[in-house]
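Using this note's numbering, the letters of the sequence shown map in sequence onto residues 2 to 358. This report concerns only the one structure given below.
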Amino acid sequence: MVKVYQKENVYEAFNHRLDYICNYFDHLIISFSGGKDSGLMLELVYLYYKSHKLVEKGIKVSVFYLDYEGNYQETKDYIHRSMGKYPEFEYYHICLPVSASCGISMSQSTWLPWDPDHKELWLNTIPKGAIHLENQDFSFFKVGMSDYDFQSKFCQWLHNEKGATRTAVLVGIRAQESLNRYNAVTRDETFSRFGTTNYSHRISKDVFNFYPMYDWLFADIWRANAKFEFDYNHLYDLYYQAGVPFKSMRVANPFHQCGVHSLKLYQALEPETWGKLVGRVNGANFAALYGGTQAMGYRGAVLPKGHTWQSYVEFLLDTLPEETRNVYRKKFQSSMDYWMRTGGALPVNVVEELKTS
Numbered sequence: 002m003v004k005v006y007q008k009e010n011v012y013e014a015f016n017h018r019l020d021y022i023c024n025y026f027d028h029l030i031i032s033f034s035g036g037k038d039s040g041l042m043l044e045l046v047y048l049y050y051k052s053h054k055l056v057e058k059g060i061k062v063s064v065f066y067l068d069y070e071g072n073y074q075e076t077k078d079y080i081h082r083s084m085g086k087y088p089e090f091e092y093y094h095i096c097l098p099v100s101a102s103c104g105i106s107m108s109q110s111t112w113l114p115w116d117p118d119h120k121e122l123w124l125n126t127i128p129k130g131a132i133h134l135e136n137q138d139f140s141f142f143k144v145g146m147s148d149y150d151f152q153s154k155f156c157q158w159l160h161n162e163k164g165a166t167r168t169a170v171l172v173g174i175r176a177q178e179s180l181n182r183y184n185a186v187t188r189d190e191t192f193s194r195f196g197t198t199n200y201s202h203r204i205s206k207d208v209f210n211f212y213p214m215y216d217w218l219f220a221d222i223w224r225a226n227a228k229f230e231f232d233y234n235h236l237y238d239l240y241y242q243a244g245v246p247f248k249s250m251r252v253a254n255p256f257h258q259c260g261v262h263s264l265k266l267y268q269a270l271e272p273e274t275w276g277k278l279v280g281r282v283n284g285a286n287f288a289a290l291y292g293g294t295q296a297m298g299y300r301g302a303v304l305p306k307g308h309t310w311q312s313y314v315e316f317l318l319d320t321l322p323e324e325t326r327n328v329y330r331k332k333f334q335s336s337m338d339y340w341m342r343t344g345g346a347l348p349v350n351v352v353e354e355l356k357t358s
């Protein structure tokens, strides 16, 4: 898809997209992670909420944060400042044992934050006011359900709780960050959109994800924070001082595959937290030592003599525990089936299937 530059800037475009969304939706959910994009989303939506008097239009705004147990102190401080910041909004800080992606261990493809059977290993304590295993009343919840499944079902639950006609889940993803995210807002298929809106994706009949910041650049994020003097996660200051490249400045599940190469930063920035991480998931120390190298499969993989790529894959699979090996075989099979039937870039539903397998 060819880029078409408009006369309006990204801030104006964001507000025009909210105009459109608020014409059709009476409930907004801000998906908050504590990172730069969702943090800016929270601030911009509040500005819009006040300037357009959404309360008078009967539009409700909810904010939810799925806590993955392990975070830098700066991130925890920022979450504390943000959750409850604007009393006009309703907040849901969730600390539940949902299965999360794990990219650092050979023995487990997922890990379980807030595991009720291993409280002694928890990286943090549950914050006051959070929703946790002992006080939650979600009929859909099951210990160990995937985080993606939980988020979609939670948004449907919240839609029903608010008695909304339609709910828009505002997600701060940007096309600049990855090809998967670029594909999410440039795909040609229309069956999962809201109308013809390319920056939308259907979750259920009356609940849709929207990505109103999809065309913002990294520089736009920080220009807006400076211009409006917004609060932000000061972990990014530490990242900058530590020489972390902009593209690697991430705030997420500490064991996610996207953050493997930067896991070692915990050692330098927060040694105490690092000590807990090492004991939390098998492979954390190895990933910190070798993340971003060929030992972790990072770029430049070389085919050993005497192997084809297929035989090399089979050799590597044989080194894994059976349960982990079966997970990878399932992922490979999903990809091969799609390529045999269709070919081309993977559609969103296949990507989601791979994430949850």
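We put the CB at the ideal spot given by N, CA and C, even for glycine.
ask   = Within this structure, are the beta carbons of M146 and G173 separated by less than 7 Å?
value = Not a contact, by the Cβ cut-off of 7 Å.
request  = Quick one: grab the DSSP three-state call for A285.
outcome  = Residue placement at A285 cannot be trusted, given a pLDDT of 43 that sits under 50; what the coordinates show is reported in the next sentence. Helix, per DSSP.
key: Residue range of the unbroken beta strand (DSSP E) whose run includes V328   = Counting along the chain, V328 falls outside any beta strand (DSSP E), though it belongs to the alpha helix (DSSP H) covering 323 to 342.
request  = List the endpoints of the continuous beta strand (DSSP E) containing S32.
outcome  = Counting along the chain, the beta strand (DSSP E) containing S32 begins and ends at 28 to 33.
key: Reduced DSSP secondary structure (H/G/I, E/B, other) of K77   = Secondary structure of K77 (DSSP, three-state): helix.
request  = Return helix, strand or coil for S52, following the three-state DSSP convention.
outcome  = Of the three classes helix, strand and coil, the one that applies to S52 here is helix, per DSSP.
key: Which residues DSSP lists as bridging F211, in chain order   = Bridge partners of F211: L171, S201.
query = For Y299, which of helix, strand or coil comes out of DSSP?
reply = Summary for Y299: the model assigns pLDDT 44, below 50, so the residue's position carries little reliability; its value from the coordinates is reported in the next sentence. Reduced to three states, the DSSP call for Y299 is coil.
ask   = Residue range of the beta strand (DSSP E) that I95 falls in?
value = 91 to 96 is the span of the beta strand (DSSP E), which, as asked, contains I95.
query = For the beta strand (DSSP E) that contains K61, what are its first and last residues?
reply = Its beta strand (DSSP E) spans residues 61 to 67.
request  = With DSSP collapsed to three states, give me the class of A253.
outcome  = Correct three-state label for A253: coil.
query = Relative to the C-alpha of F90, which residue among A220, P272, I60, K37 is closest?
reply = Nearest C-alpha to F90: I60.
request  = Taking Y25 as part of the alpha helix (DSSP H), name the residues at either end of that continuous run.
outcome  = Per DSSP, Y25 belongs to the alpha helix (DSSP H) from 11 to 25.
query = Between the C-alpha atoms of L29 and S39, what's the straight-line distance to the nearest angstrom?
reply = Their Cα atoms are separated by approximately 14 Å.
ask   = Three-state secondary structure (DSSP) at W112?
value = Correct three-state label for W112: strand.
query = Given Y240, which residues of its chain have a CB within under 6 Å of its CB, disregarding the five upstream and five downstream residues?
reply = The residues are M250.
ask   = First and last residue of the alpha helix (DSSP H) that includes S153?
value = 148 to 162 is the span of the alpha helix (DSSP H), which, as asked, contains S153.
inquiry  = Please report the straight-line C-alpha distance between F26 and G164, rounded to a whole angstrom.
reply    = Just so you know, the alpha carbons of F26 and G164 end up roughly 12 Å apart.
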